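Just below is one structure, and these are the notes that go with it.
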Amino acid sequence: MDMDKLVSLCKRRGFLFQSSEIYGGLNGFWDYGPLGVELKRNIKEAWWQDMISGHNELLISNGAPCEHQMVGIDCSIIMHPQVWKCSGHYDLFHDFMVDCKESKKRYRHDQVRGRWALAKEQRVFIATQSGGDEGLQETEQKALKFFNLRAKSLEEISWDGPLVSLITITDFDKVLGPDAKAIGTLTPPREFNLMFKTIVGAMGGEESSAFLRPETAQGIFVNFKNVVDSTRVKIPFGIAQIGKSFRNEITPRNFTFRSREFEQMEIEFFCHPSQSPEWYKYWRDRRYKWYTDLGLSSSRLQLRDHDKDELSHYSCGTADIEYAFPFLPPGEFGELEGIAHRGDFDLKSHMEGKLVRSGDELVVELGEDGKPKHRGSGKDLRYFNDQTRERFIPHVIEPSAGADRGTLAFLCEAYFEEEIEGETRVVLRLNPRIAPVKAAIFPLVNKDGMPEKAKAIYGDLKKEFAVYFDDGGAIGRRYRRQDEIGTPICITVDGQTNQDDTVTWRDRDTLQQKRIPIQGLKEELRNLLKS
RNA sequence: GCGGGUGUAGCUCAGUGGUAGAGCGCCACGUUGCCAACGUGGCUGUCGUGGGUUCAAGUCCCAUCACCCGCUCCA
Numbered sequence: 129m130d131m132d133k134l135v136s137l138c139k140r141r142g143f144l145f146q147s148s149e150i151y152g153g154l155n156g157f158w159d160y161g162p163l164g165v166e167l168k169r170n171i172k173e174a175w176w177q178d179m180i181s182g183h184n185e186l187l188i189s190n191g192a193p194c195e196h197q198m199v200g201i202d203c204s205i206i207m208h209p210q211v212w213k214c215s216g217h218y219d220l221f222h223d224f225m226v227d228c229k230e231s232k233k234r235y236r237h238d239q240v241r242g243r244w245a246l247a248k249e250q251r252v253f254i255a256t257q258s259g260g261d262e263g264l265q266e267t268e269q270k271a272l273k274f275f276n277l278r279a280k281s282l283e284e285i286s287w288d289g290p291l292v293s294l295i296t297i298t299d300f301d302k303v304l305g306p307d308a309k310a311i312g313t314l315t316p317p318r319e320f321n322l323m324f325k326t327i328v329g330a331m332g333g334e335e336s337s338a339f340l341r342p343e344t345a346q347g348i349f350v351n352f353k354n355v356v357d358s359t360r361v362k363i364p365f366g367i368a369q370i371g372k373s374f375r376n377e378i379t380p381r382n383f384t385f386r387s388r389e390f391e392q393m394e395i396e397f398f399c400h401p402s403q404s405p406e407w408y409k410y411w412r413d414r415r416y417k418w419y420t421d422l423g424l425s426s427s428r429l430q431l432r433d434h435d436k437d438e439l440s441h442y443s444c445g446t447a448d449i450e451y452a453f454p455f456l457p458p459g460e461f462g463e464l465e466g467i468a469h470r471g472d473f474d475l476k477s478h479m480e481g482k483l484v485r486s487g488d489e490l491v492v493e494l495g496e497d498g499k500p501k502h503r504g505s506g507k508d509l510r511y512f513n514d515q516t517r518e519r520f521i522p523h524v525i526e527p528s529a530g531a532d533r534g535t536l537a538f539l540c541e542a543y544f545e546e547e548i549e550g551e552t553r554v555v556l557r558l559n560p561r562i563a564p565v566k567a568a569i570f571p572l573v574n575k576d577g578m579p580e581k582a583k584a585i586y587g588d589l590k591k592e593f594a595v596y597f598d599d600g601g602a603i604g605r606r607y608r609r610q611d612e613i614g615t616p617i618c619i620t621v622d623g624q625t626n627q628d629d630t631v632t633w634r635d636r637d638t639l640q641q642k643r644i645p646i647q648g649l650k651e652e653l654r655n656l657l658k659s
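Be aware that the first sequence starts at 129, since it is given in this note's numbering, and climbs by one per residue.
Laid out in structure tokens, this is it:
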């Protein structure tokens, strides 16, 4: 499938627009149009229904170790800055970068190394991105070139000290950049923040700066105690949230796939440590099945377990649900959702302070003064089981899905072009549950009372379903218009309707028609949405 | 971030320094009895944006923004 065709359809039919388009657009931001908002809402509602509101906590779900409860929450986007310090985002998403004015390259400040070289009465800091022996060799080569010396005159250069980080350097005018020919081309380090910064309060200064959340998860962790205290939930249970998150991605690309503002659908599932591996497996499989049930084909979808060295510092297991997007090279997949076993990392961080791994253990990271680098809340976030009299920090399984990525995947999967009697038909084979319009109602022609009858049916169905009325142009054209936006059913009032109160029911995928009585339409549509 | 490409009507795209175009779509009227029918009429443009060169710029130059491809980087 050609991605351009889908992008064009999305624009033409009102699924997706570039943000601020009349001003030339803004990189990494997208708007959902009238049909797009319905599609995305349907996907989010399907998720909420299947994970939370429709969940039966009295039954053991397929593959689950025991019963579990599910509740929802909706947290603020801006939170206390300490949340991000303890979660690790502040340190991780907060880099200093230096730019090279000559080579136009950008380097992470802490990843550039180098050593001082003296020759021809000049002292220069020769920088490189390599470390170890490779770094030593590279700096030698660069120094020879810079001082315009032959390889055999290497001894004319004297080296002052070992390979050190650029962080230790203050006189940037004596630095030879990793890809530069002249000295002094590197800019001083500049703050490069992957989190969006904002100011709280109209008169705010630096002390009142805050961040837009880079993930929804932390709102759940900091409310863990509130939920436990207010709802009578018992472990194991999950807290779910749908909401916007923000990341200042360096390279937004591939339509909405990597955006700077995006929507997440996240569950933090809290369980006893001894049961956590079973729950991890349960959520992994359950979440994969959710996508296939809604229409993603298993040939383009994969569940991939992370390698040991790919795991985050806190994780004891992570799997990605990935989709073979058409804009990716064959064989490559893009992430739709990550299911992570996070252990007790998050709750513990918000109790004690930012954690780092030390061997097999998580310990509070200390600052230079020997105190915690980022202090936790000091609140006791342990869970007390009054049956077993056990007090413990629950382990967490986190299925974290991207709503926009899911929406994009469903669109890609649904797009088909096919030849019908020499004409190309464009059709979105969306699952009826997520289709923006469930059915369109047409009068076959605009006479003999057909429009009146069709309008009456439309008015009645509209109370319960997202339906669309169209009497413009020939009937064939109206069918194709609906095919293109994924409407599963077209209902047409024709001459026979006046005699026996039946209408034709036309299927988007098979193009087959059947006659059904007007009274049976609602039941028929309900069945369609159940499947 | 780097390199290459693209930017003209809602969409797809023509356009040689000299009057802004086509197809599709959309709207109205008529016609029309089931898969992008037909007729008539109509709407649609800051030629991505800002500068410059020129008597004259959609066209040439510079800058900038956005999108696509390839690197690079990254949750």
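Just so it is clear, CB atoms sit at the ideal spot from N, CA and C, and this is done for glycine as well. Only a predicted model underlies this, so the values are computations on that prediction, with no experimental measurement involved.
Would residue 379 be called buried (16 or more neighbouring beta carbons within 10 Å of its own) or exposed? exposed
Using the beta-carbon count (16 or more within 10 Å), is residue 151 buried or exposed? exposed
Could you spell out the range, first to last residue, of the beta strand (DSSP E) harbouring residue 525? 523-530
I want to know whether the segment 302-317 touches the segment 250-258 - three or more CB-CB distances under 8 Å. yes
Contact belief for residue 340 with residue 449 at Cβ below 8 Å, rounded distance in angstroms: 26 Å between Cβ atoms; not a contact.
Who are the Cβ neighbours of residue 241 in its own chain at under 8 Å, not counting the five residues just before and after it? Spatial neighbours of residue 241 in its own chain (CB-CB distance under 8 Å, excluding positions within 5 residues in sequence) are listed in chain order as 255, 256, 257, 258, 259, 263, 291, 292, 293, 294.
On the three-state DSSP scale, how would you describe residue 393? strand
Contiguous beta strand (DSSP E) assignments of at least 3 residues, all confined to the segment 498-563: The segment 498-563 contains these whole beta strand (DSSP E) runs: 511-513, 518-520, 523-530, 543-548, 551-556.
Rounded to the nearest angstrom, what separates residue 407 and residue 130 at their Cα positions? C-alpha separation (whole angstroms): 39 Å.
Please classify residue 138 as buried or exposed, where buried requires at least 16 other C-beta atoms within 10 Å of its C-beta. buried
Rounded distance between the beta-carbons of residue 569 and residue 603, thought under 8 Å: Rounded to whole angstroms, the Cβ separation of residue 603 and residue 569 is 12 Å, and the two are not in contact under 8 Å.
Under the three-state reduction of DSSP, which class applies to residue 463: helix, strand or coil? strand
I'd like to check one pair, residue 189 with residue 419: are the Cβ atoms closer than 9 Å? No, these two residues do not count as a Cβ contact at 9 Å.
Could you pull out every residue in the same chain whose Cβ sits closer than 8 Å to the Cβ of residue 636, ignoring the five residues on either side in sequence? So the qualifying residues of the chain are 555, 557, 610, 611, 614, 615, 616, 617, 618.
Helix, strand or coil: how does DSSP classify residue 184 here? coil
Excluding the 5 residues flanking residue 563 on each side, which residues of the same chain have their C-beta closer than 7 Å to its C-beta? 614, 615, 616
Ordered along the chain, which non-local residues of its own chain (more than five positions away) have a Cβ less than 7 Å from that of residue 644? These residues qualify, in order along the chain: 630, 631, 633, 652.
For residue 657, the first and last residue of its enclosing alpha helix (DSSP H): 649-658
Any idea if residue 552 is buried or exposed, counting beta-carbon neighbours within 10 angstroms, 16 or more meaning buried? exposed
Check whether the segment 489-505 touches the segment 328-337, counting contact only when three or more Cβ pairs, one atom from each stretch, lie closer than 8 Å. no
Whole-number beta carbon distance between residue 279 and residue 228, since they are thought to touch under 8 Å: About 26 Å separates the two Cβ atoms, so there is no contact after all.
Counting only the same chain and skipping the five closest in sequence on each side, list residues whose C-beta sits under 8 Å from that of residue 199. 180, 355, 359, 361, 365, 366, 367, 368
For residue 596, which beta-bridge partners are listed by DSSP? DSSP lists 568 as partners of residue 596.
Return the residue from the list 471, 246, 351 that minimises the CA-CA distance to residue 405. 471
May I ask you to list the residues that DSSP assigns as paired with residue 203? DSSP lists no partner for residue 203.
Between the segment 530-544 and the segment 448-463, do at least 3 Cβ pairs fall closer than 8 Å? Contact between the segment 530-544 and the segment 448-463 is established, with three or more Cβ pairs separated by less than 8 Å.
Which residue marks the beginning of the beta strand (DSSP E) containing residue 620, and which one marks its end? 617-621
What is the C-beta distance between residue 275 and residue 310, in whole angstroms, given that I count them as a contact (C-beta under 8 Å)? The pair is not a contact, with the Cβ atoms about 13 Å apart (cut-off 8 Å).
Since residue 565 contacts residue 594 with CB under 8 Å, what's their CB separation in whole angstroms? 6 Å
In the DSSP assignment, find the unbroken alpha helix (DSSP H) run with residue 165 in it and report its ends. 162-176
Rounded to whole angstroms, what is the Cα-Cα separation between residue 382 and residue 286? 50 Å
Segments of 3+ residues assigned as beta strand (DSSP E) that fall wholly inside the segment 234-286: 234-236, 241-247, 250-256
Nearest to residue 462 (by Cα), restricted to the options 534, 216, 509: 534
CA-to-CA distance, residue 299 to residue 456, given in whole angstroms: The straight-line gap separating the alpha-carbon atoms of residue 456 and residue 299 is approximately 44 Å.
Starting from residue 583 and walking both ways along the alpha helix (DSSP H), at which residues does that stretch end? 578-590
Quick check on the burial criterion: 16 or more other C-beta atoms within 10 angstroms. Buried or exposed for residue 328? exposed
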